[in-house]
Amino acid sequence: MGDWVEFVICGTRTCADGTEDYDANGVSDAAELAACVKSVNDLAVTGGAVALWVAVAAALALAVGVALRTRRRRAGTGTSA
Numbered sequence: 087m088g089d090w091v092e093f094v095i096c097g098t099r100t101c102a103d104g105t106e107d108y109d110a111n112g113v114s115d116a117a118e119l120a121a122c123v124k125s126v127n128d129l130a131v132t133g134g135a136v137a138l139w140v141a142v143a144a145a146l147a148l149a150v151g152v153a154l155r156t157r158r159r160r161a162g163t164g165t166s167a
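Reading the sequence shown from the start, the letters are residues 87 to 167 in the working numbering.
Given below as structure tokens:
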């Protein structure tokens, strides 16, 4: 394992041998490093998550707009809700 990996795992450059399991998921750190695996909890927000929040905000804005338009039409015709 590289020195930088050992430093991340245990704070020094000489203590880790690759059999450690830093994230306690049952897979050794050396195997995860070789497979370029990263814990899901450490991942950044992806474009999919951002797109979901944009879609939710757009749907909410559309619903508010429809409600305001309906209210304005009712106020213009003299009927009450």
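Positions of the beta carbon are idealized from the N, C-alpha and C atoms, including for glycine.
query: What whole-angstrom Cβ distance do residue 97 and residue 115 have, given they're in contact under 8 Å?
result: That belief does not hold up - the Cβ atoms of residue 97 and residue 115 are roughly 14 Å apart, past 8 Å.
- prompt: Taking residue 99 as the reference, which of 90, 107 and 106 has the closest Cα?
  reply: Closest option to residue 99, Cα to Cα, is 90.
query: Which stretch, first to last residue, makes up the alpha helix (DSSP H) that contains residue 158?
result: For residue 158, the enclosing alpha helix (DSSP H) starts and ends at 133 to 163.
message: Can you look up residue 94 in the DSSP assignment and give me helix, strand or coil?
response: The answer is helix: DSSP assigns residue 94 an H, G or I state.
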